[in-house]
Amino acid sequence: MPAARRTLRAAGLSPADAAPARLRVGIVGAGRVGAVLGAALTAAGHDVVAAAGLSTASAERAARLLPGVPLLPTDEVVAAADLVVLAVPDDSLAGLVSGLAETGVWRAGQLAFHTSGAHGLAVLAPAARAGVLPLALHPAMTFTGAPEDADRLAGAPFGVTSAPEHRPVAETLVLEMGGEPFFVAEADRGLYHAALVTGANHLVTLVAEAADLLRTAGVTEPGRVLAPLLTAALDNGLRRGDRGLTGPVSRGDVGTVRRHLDTLTERAPDSVAAYVALARRTTERALATGRLKRHEGAPLVHLLDGHGPGSLASVRAEG
1 MPAARRTLRA AGLSPADAAP ARLRVGIVGA GRVGAVLGAA LTAAGHDVVA
51 AAGLSTASAE RAARLLPGVP LLPTDEVVAA ADLVVLAVPD DSLAGLVSGL
101 AETGVWRAGQ LAFHTSGAHG LAVLAPAARA GVLPLALHPA MTFTGAPEDA
151 DRLAGAPFGV TSAPEHRPVA ETLVLEMGGE PFFVAEADRG LYHAALVTGA
201 NHLVTLVAEA ADLLRTAGVT EPGRVLAPLL TAALDNGLRR GDRGLTGPVS
251 RGDVGTVRRH LDTLTERAPD SVAAYVALAR RTTERALATG RLKRHEGAPL
301 VHLLDGHGPG SLASVRAEG
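Sequential numbering of the sequence shown, starting at 1, is according to UniProt numbering.
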């Protein structure tokens with residue numbers, strides 16, 4: 001059965017015998033995510049008929065991943081599509097959906113999904129009131145705009161939020177794009193996204209911070225030092241959780257942590273606040289899981305509290 005017929009049957013929108021060979025797809029936001037999903041939908045047998053993208057980078061990406069697809073104004077993209085993919089920044093999504101509703105371009109029988117992890121279905125309410133079937137399909141994967149992004153989609157988990165009766169079509173679309181769907185309740189969408197940001201976005205910052213400190217210490221190729229260490233640490237964290245913790249906090253080595261703070265204050269003062277925040281949270285988790293005994297953790301807590309915002313140590317460091 002062609003991909004579009006499977007999708008429409010799952011949605012309950014049209015008998016399989018009467019369904020077209022393809023769904024006409026419009027991509028609003030031909031950026032890092034939208035262009036990749038458009039390419040995946042094309043590979044699944046759908047027909048990407050138009051895309052909207054404002055930047056030069058978006059135009060170049062669309063030309064590479066969606067060859068021959070015209071770049072049109074957003075309302076024209078929506079008007080041309082049976083399935084609308086909204087791949088725009090989180091803060092732009094609500095205004096975009098409501099603005100399109102005000103123009104009357106949404107129509108009954110359309111499918112629309114957004115790729116925002118932070119939003120659920122509520123943001124699509126103006127389209128739903130016009131008869132559009134709304135879905136939230138968030139690929140839990142990082143896309144950088146590099147050519148390998150298309151490969152990263154294969155087997156990527158997708159956080160799916162939908163009405164119960166629309167779940168089959170949501171899961172069908174994800175599977176057609178090569179992903180693996182898992183359900184996230186509307187009320188949990190914000191926490192779900194905060195978790196991913198903590199794990200992925202903050203991880204990049206943490207790795208870059210560690211690399212900068214190594215360069216300051218005279219290590220010319222920090223990646224060679226960090227790659228095996230961080231790979232092992234990530235594996236430990238994923239397999240063992242808090243039981244995979246190593247290092248001075250897990251041992252209660254308050255002297256080592258104190259020397260770290262003294263060194264950072266002298267050599268890399270901009271890194272002190274991040275080190276304190278992470279060491280404090282690590283200490284809290286180590287105490288909560290029994291990795292540290294209370295009498296071992298108390299000196300660490302006292303030291304770290306003394307370097308918190310507004311403390312005498314932090315004021316001296318800023319000075």
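Note that CB positions come from ideal geometry on N, CA and C, so glycine has one too.
Please read all numbers here as calculations on a predicted model, not as lab measurements.
| Query | Result |
| --- | --- |
| Assign D212 to one of three DSSP states: helix, strand, or coil. | helix |
| Roughly how many whole angstroms lie between the Cα atoms of V33 and F143? | 7 Å |
| In chain order, which alpha helix (DSSP H) runs of at least 4 residues are fully inside the UniProt domain "DUF2520" (157-282)? | 167-176, 189-196, 202-216, 222-240, 248-251 and 254-267 |
| Between which residues of its own chain and A182 is the CB-CB distance below 8 Å, once the five residues before and five after are set aside? | Per the sequence shown, the amino acid found at residue 182 is Phe instead of Ala. Answer for F182: P157, F158, G159 and V160, listed in chain order. |
| Rounded to whole angstroms, what's the CA-CA distance from L135 to F113? Just pull it up for me. | 4 Å |
| In or out: E180 buried (at least 16 other Cβ within 10 Å) or exposed? | exposed |
| Applying the criterion that 16 or more other CB atoms from any shown protein chain within 10 Å of the CB defines a buried residue, is A79 buried or exposed? | buried |
| Starting from L111, trace the beta strand (DSSP E) both ways and give me its first and last residue. | L111 to H114 |
| Would you say S55 and L86 are within 9 Å of each other, going by their C-beta atoms? | no |
| Can you look up R24 in the DSSP assignment and give me helix, strand or coil? | strand |
| Who does V48 pair with in a DSSP beta bridge? | V25 |
| Quick check: what's the CA-CA separation for A21 versus H46? | The predicted model places A21 with a pLDDT of 43, which falls under 50 and marks its position as unreliable; any figure quoted below should be read in that light. Those two C-alpha atoms are separated by around 8 Å. |
| According to DSSP, which residues form a beta bridge with P67? | According to DSSP, P67 bridges with nothing at all. |
| Between S271 and the ligand FAD, is there a pair consisting of the residue's CB and a ligand heavy atom that are separated by less than 8 Å? | Because no ligand of any kind appears in the structure shown, any question about the ligand FAD cannot be addressed here. |
| Check whether the segment 252-260 touches the segment 211-227, counting contact only when three or more Cβ pairs, one atom from each stretch, lie closer than 8 Å. | no |
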